[in-house]
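Engineer: Here you go, one structure.
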Amino acid sequence: MGKAELKIEIDPAIVAEAERLGVDLTTAGLAGVEQALARRRNALKSEAERAADARAWAEENAEALKAYNERIARDGIFGEDFRTW
1 MGKAELKIEI DPAIVAEAER LGVDLTTAGL AGVEQALARR RNALKSEAER
51 AADARAWAEE NAEALKAYNE RIARDGIFGE DFRTW
């Protein structure tokens, strides 16, 4: 698939800082658009679709969740002995 060319205007101070920090603006811009699309897609999902996604995530991560819960039951929560509430 080809790429579309896009002309945008960016504050020169942002460009200078990106260059100074070694941030590739093309890659960062694409990543930002992808994140915005993912947020928008999620916002447009129905409650049933979000619930199905949550169930799928829980199933995919069931082993890790079980191990985490077992560790908390065995060792407690980090810093729990310092809590005052």
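The sequence shown: position 51 = 51 (the numbering used here), numbered continuously.
Cβ coordinates follow ideal geometry from the N, Cα and C atoms, glycine included.
#1: Determine the DSSP secondary structure at residue 7, reduced to helix, strand or coil.
#2: For residue 53 versus residue 45, is the C-beta spacing smaller than 9 Å?
#3: Which residue from 24, 48, 21 and 29 puts its Cα closest to that of residue 6?
#4: Note the first and the last residue of the continuous alpha helix (DSSP H) segment covering residue 14.
#5: Give the secondary structure of residue 29 by DSSP, where H, G and I count as helix, E and B as strand, and everything else as coil.
#6: Could you tell me the distance, in whole angstroms, from the CA atom of residue 9 to the CA atom of residue 55?
#7: Residue 24 by DSSP, collapsed to three states: which one?
#8: Distance check for residue 82 and residue 37, CA to CA, integer angstroms please.
Structural biologist: Judging by the given coordinates:
#1: Residue 7 sits at position 7 when you count from the first residue of the sequence shown. If DSSP states are grouped into helix, strand and coil, residue 7 belongs with coil.
#2: Taking the sequence shown and counting its residues from 1, the one referred to as residue 53 is at position 53. Taking the sequence shown and counting its residues from 1, the one referred to as residue 45 is at position 45. Taking 9 Å as the Cβ cut-off, residue 53 and residue 45 qualify as a contacting pair.
#3: In the sequence shown, counting from the first residue as 1, residue 6 sits at position 6. Ranked by Cα distance from residue 6, the first of 24, 48, 21 and 29 is 29.
#4: Residue mapping note: residue 14 aligns to position 14 of the sequence shown, counting from 1. Taken as a continuous stretch (DSSP letters only), the alpha helix (DSSP H) holding residue 14 covers 12-21.
#5: Taking the sequence shown and counting its residues from 1, one reaches residue 29 at position 29. Residue state, collapsed to three classes: helix.
#6: As a first step, residue 9 is located in the sequence shown; it is residue number 9 there, counting from the start. As a first step, residue 55 is located in the sequence shown; it is residue number 55 there, counting from the start. C-alpha separation (whole angstroms): 42 Å.
#7: One-based indexing of the sequence shown puts residue 24 at position 24. Coil.
#8: The residue you call residue 37 lines up with position 37 of the sequence shown. The residue you call residue 82 lines up with position 82 of the sequence shown. Residue 37 and residue 82: Cα-Cα distance of roughly 42 Å.
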